[in-house]
Amino acid sequence: MKKKTKVKFLVLATMLISMTAVPAGQVKAALQANPNTHYKKIDSATNWIRGFREMETTGGTMGLSETLNSDLTASSTSNGIDVHMMRTTEYGAIAILSASGYGNPSNEQAITSTTGNETGVMLNTSYYEWTAGGGSSFISGVNKKYLDIYTTSNTSAKVGDALGTATTPNPGCAGWHSASYSDWLIGNGYGFVRGNGGIFTFVGNDVASNTYYSRGVVVCGAGL
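Every letter in the sequence shown is one number past the one before it in the numbering used here, and letter 106, counting from 1, is 1195.
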């Protein structure tokens, strides 16, 4: 695998990840995923965001010994790894990639990966997934580096998140690939779920009463 100064991997919660340190500023990583074990757990968005961050702590699946502050930031000097719940903008990146000339530009809802084969990011358009993005009270007490915050108006769509419509200030992807749903937040305690009925589906759901799947992002590099 090619070495890079900073590599971002999009992984599902049950992926197996192993990492090997290399000289300063460079990262080499190996990733293995079994597509039959991706979707085995549903939980609240609040538990997902904490659970992914705790992968860095002692006893966590990353084999690290980080201590987290109350807002889920690291309390020590960077260990070169940042594990977090996928933000809406990160989900948007893989969705847009899948629809580009570099991905799997199919109009079908049932896209299995961003590239149409096993080397791409694995997708499942039969289930909703929480993303780390929602209204101002969607998940409280978490550092904003791990959240994308929106208002109840779709004019708050962000560059690259694939939310919103063609007429919003940052044009979105509502209805792309025949997505079944394009429903914005109706309250500040709502967060975005993605995927069910098409990779470009987005729905605002109440964090207090809903459990869904989720996926994590691992960022590797010096100075994180």
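We treat Cβ as the ideally placed atom computed from N, Cα and C, and that holds for glycine. Bear in mind that the values here come from a model prediction, so they are computed numbers and not experimental data.
Hey, how far is the Cα of G1278 from the Cα of G1169? 32 Å
Residues in its own chain within less than 6 Å of L1236 by CB, not counting five upstream and five downstream? A1221
Which same chain residues, not among the five before or five after D1132, have their C-beta less than 6 Å away from its C-beta? T1300
If you count every other CB in all the chains shown that lies within 10 Å of the CB of V1307, and 16 or more means buried, which is it? buried
DSSP three-state call for M1174: helix, strand or coil? strand
Residue range of the alpha helix (DSSP H) that G1140 falls in? A1134 to R1142
Using 8 Å for Cβ pairs, my map puts L1161 next to R1142. What's the rounded Cβ distance? 5 Å
Beta-carbon proximity list for A1263, same chain, < 7 Å, skipping 5 on both sides: G1253, T1254 and S1271
What would DSSP say about W1273, mapped onto helix, strand or coil? coil
Which partner residues does T1146 have in the DSSP bridge list? E1155
In terms of residue numbering, what span does the beta strand (DSSP E) encompassing D1250 cover? Here D1250 belongs to no beta strand (DSSP E), and DSSP marks it neither H nor E.
Among S1267, S1269, V1248 and A1268, the one whose alpha carbon lies nearest that of P1260: V1248
Give the range of the beta strand (DSSP E) segment to which C1383 is assigned. Because residue 1383 is not part of the residues shown, which for the chain are 1090 to 1313, the question remains open.
Pairwise C-alpha distance: I1275 and T1241: 6 Å
For the beta strand (DSSP E) that contains A1221, what are its first and last residues? E1218 to G1223
V1282 versus N1243: straight-line alpha-carbon distance, rounded: 15 Å
Could you give the C-beta distance for T1204 and L1212, rounded to a whole number, given that I count them as a contact under 8 Å? About 10 Å; that fails the 8 Å criterion.
Three-state secondary structure assigned by DSSP to S1187: helix
Here's the rule: buried if 16 or more other CB atoms are within 10 angstroms of the residue's CB, otherwise exposed. What is G1224? buried
Which residues does DSSP list as the beta-bridge partners of Y1302? E1218
If you draw a straight line from the C-alpha of E1218 to the C-alpha of R1304, how long is it? 7 Å
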